[in-house]
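Visitor:
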Amino acid sequence: MQVCVVGSGGREHALAHVLGRHHDVVVTPGNPGIPGSVATPPEEVEADLFVIGPEAPLVAGLADRLRAAGRLVFGPGADGARLEGSKAWMKDVLVDAGVPTAAHGTFTDEVEALAFLDTMGDLFVVKTDGLAAGKGVVVTTDRAEAVDAVRTYLSGEAFGDAGRTLVIEEGLTGPELSVLAVCDGTDAVALAPAQDFKRLGDGDAGPNTGGMGAYSPVPMATDDAVDDLMDRAVRPTLAALRARGIDYRGVLYCGLMFTPTGPRVLEYNVRFGDPETQVVLPRLTSDLGILLAAAAGGDLAGTTPTCDDGAALAVVCASEGYPTAPRTGDPIDGLEEASAVDGVTVFVAGVTGDRERLVTAGGRVLAVTGQGPTVVEAQMRAYEAVSRLSWPGMQHRTDIASSSTGR
Ligand code: AMP
Ligand code: GLY
13 MQVCVVGSGG
23 REHALAHVLG
33 RHHDVVVTPG
43 NPGIPGSVAT
53 PPEEVEADLF
63 VIGPEAPLVA
73 GLADRLRAAG
83 RLVFGPGADG
93 ARLEGSKAWM
103 KDVLVDAGVP
113 TAAHGTFTDE
123 VEALAFLDTM
133 GDLFVVKTDG
143 LAAGKGVVVT
153 TDRAEAVDAV
163 RTYLSGEAFG
173 DAGRTLVIEE
183 GLTGPELSVL
193 AVCDGTDAVA
203 LAPAQDFKRL
213 GDGDAGPNTG
223 GMGAYSPVPM
233 ATDDAVDDLM
243 DRAVRPTLAA
253 LRARGIDYRG
263 VLYCGLMFTP
273 TGPRVLEYNV
283 RFGDPETQVV
293 LPRLTSDLGI
303 LLAAAAGGDL
313 AGTTPTCDDG
323 AALAVVCASE
333 GYPTAPRTGD
343 PIDGLEEASA
353 VDGVTVFVAG
363 VTGDRERLVT
373 AGGRVLAVTG
383 QGPTVVEAQM
393 RAYEAVSRLS
403 WPGMQHRTDI
413 ASSSTGR
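Residues in the sequence shown are numbered consecutively from 13, following this note's numbering.
Given below as structure tokens:
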């Protein structure tokens, strides 16, 4: 098949890399570090299957436009993408579908929001309703910080219109898990679970980011736990969407938390996670293109993904100042040396320049994925490769999966 991947980040690099094992792949717009990148807009690309990576074009209806032109598309239409485009609507769907989730309220009025905030215990969670590039969530024990978030979100000062409606949630605690479910509108199959490390610093210190690393498999994510999630969350959600006339064909990314009172769905995203994709997809042993085409065609029956018995671990390397004010324009050294480490693939995201001389161009610059028979081996390989990379101000966590490996 000829497959067109839409997007330009590390997730799209991983999609293209793994689809490329069996198919011809172009990536639009891609970036100078992703082989097969083309400047042609997706509407003008000829391909048998389109895979849309990021949430913004999904929310903006790119899948609908491509489908209207007769294309086979993996990715929900604007109607389904609203799950990520509006957290308030997502919470309504979760509640309708009977999915266990954090208690919440939706607000546009400051007085009402602040009154509700004070009923929420001592861990405050404030989220923008709309898209905020992964930055619209404040989780804090500091009431003043939560109050400030409420004020700056509702006034539009922090995130423009995305924050003028906000969601306040019960603060939950526990380990988190990401499960990427491939959906055909009615049914779904889960890919290997992964854990994402959202905070900038070691020991989960510092601000929330888009994700600073990930690994798979995750010990707490037993087959039973994943089956349970599919039965109690993903399938009921697809049914609740169908009841609203929505035929959801794409990834439903479940962000879960294992709380002391059981697993809760924290959020849905309508796309593959980044950097989860960089660890989940390399472990696949079956043909990703066949799977995504079956889902896009509305019939997954008999298409079951398989993955290796080993492990994969990704370390994100970000530029100085990420996530608030990333500095760009620094030449990246050591890419070839890092890629030469056995079992390592480097997936590039925020880069520009020539393939031979990439320069930083964004916050999360690249993710280094190590694979091996165990998480420890994958971790050693990934960090050996990271040690060969450098640019001024490069930041990365040194503890991805250390709670699991003890190193
Ligand atoms: P979200 O974009 O909704 O996934 O939120 C980003 C991150 O904020 C999650 O991965 C969690 O680490 C944290 N978070 C979100 N909702 C809650 C909650 N209700 N309680 C505690 N932490 C949360
Ligand atoms: N890594 C979290 C996300 O992709 O939203």
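The beta-carbon is built from N, C-alpha and C at its ideal position, and this holds for glycine as well.
#1: Taking 7 Å as the cut-off, does the CB of L143 come closer than this to any heavy atom belonging to the ligand AMP?
#2: What span of residues does the alpha helix (DSSP H) with R155 cover, start to end?
#3: In whole angstroms, what separates the C-alpha of L264 from that of A93?
#4: Let me make sure I understand the geometry here. Which of V150, G42 and L178 has the alpha-carbon closest to that of G117?
#5: Among residues of its own chain, excluding the 5 on either side of D320, which ones have a beta-carbon nearer than 6 Å to its beta-carbon?
#6: Answer yes or no: the CB of E182 versus the heavy atoms of the ligand AMP, is any distance below 7 Å?
#7: Check whether the stretch 311–326 and the stretch 382–396 touch, using three or more Cβ-Cβ pairs below 8 Å as the test.
#8: Return the first residue and the last residue of the beta strand (DSSP E) that Y395 is part of.
#9: When burial is assigned at 16 or more other CB atoms within 10 Å of the CB, is T40 buried or exposed?
#10: Name the two residues that bound the continuous beta strand (DSSP E) containing F270.
#11: Going by the C-beta, is G7 closer than 7 Å to any heavy atom of the ligand AMP?
#12: Which residues in the same chain have their Cβ closer than 7 Å to the Cβ of P335, if we skip the five residues on either side of it in sequence?
#13: Report the option in C16, A144, L95 and T364 whose CA atom is closest to the CA atom of L84.
#14: Return yes when the Cβ of D91 is within less than 8 Å of the Cβ of I344, no when it is not.
#15: Among H34, S228 and P338, which has the Cα closest to the Cα of L303?
#16: Please determine, among E181, S414, A379 and V57, the residue with the shortest C-alpha to C-alpha distance to S402.
#17: Would you report the Cα separation of A81 and P272, rounded to the nearest angstrom?
#18: Taking the alpha-carbon of A251 as reference, which of A200, R276, V377 and P404 has the nearest alpha-carbon?
#19: From what residue to what residue does the alpha helix (DSSP H) around H29 run?
#20: Do you know how far the Cα of N281 is from the Cα of R256?
Guide: Judging by the given coordinates:
#1: no
#2: R155 to L166
#3: 10 Å
#4: L178
#5: R295 and T297
#6: yes
#7: yes
#8: Premise fails: Y395 lies in the alpha helix (DSSP H), V387 to S399, not in any beta strand (DSSP E).
#9: buried
#10: R261 to T271
#11: There is no way to answer for residue 7, as the model of the chain reaches only from 13 to 419.
#12: K147, L212, P219, T221 and G375
#13: C16
#14: no
#15: H34
#16: A379
#17: 48 Å
#18: A200
#19: G22 to L31
#20: 18 Å
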